[in-house]
């Protein structure tokens, strides 16, 4: 089952009731063409990067839906939105299928050293350590 996303930019100069009606009408148009799991994500009014039909803003709605739709059904969905006079722009995209990743390999933990092995090394470091002062820097005779 493929997943789709339809972005619609509506005319920004409609009333709130008209927006709600148009969003529900859009859901119905998708459902009539066998779209399933329809979710309308309303972004609201936003300023556009460039004017469309001399309008600087638009009312954005993103429809997410799924289904086994044929190309003709997808074209009908696009056509139904294009014929609506309050729609400034629409774009239908088929989302890529999710890839199932391989499990990530983790490194094996380093083997724990025994306490007996690490203790002599610590003692050896302490035996070889001598205290020197700043005046002894060039004198290796100590």
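Numbering (the working numbering), first residue to last: 164 to 305.
Glycine included, each C-beta is placed from N, C-alpha and C at the ideal position.
How would you call residue 189, buried or exposed, if buried means at least 16 neighbouring beta carbons within 10 angstroms? buried
Out of 240, 208 and 274, which has the shortest C-alpha to C-alpha gap to residue 178? 208
Whether residue 221 touches residue 197 by CB criterion (8 Å): no
Residue 246 (DSSP reduced to helix, strand or coil): coil
Look at the Cβ atom of residue 145, then the Cβ atom of residue 172, and state whether they are nearer than 8 Å. The chain is shown only over 164 to 305; residue 145 falls outside these bounds and no answer can be derived.
Based on DSSP bridge pairs, tell me the residues matched to residue 227. 168 and 202
Measuring straight from C-alpha to C-alpha, what distance separates residue 254 and residue 246? 14 Å
Looking only at C-alpha atoms, which of 270, 267 and 175 sits nearest to residue 210? 175
Less than 8 Å separating the beta-carbons of residue 169 and residue 226? yes
Contacting residues, own chain, Cβ-Cβ under 8 Å from residue 165 (five flanking each side not counted): 229, 230, 231, 232, 257, 258 and 260
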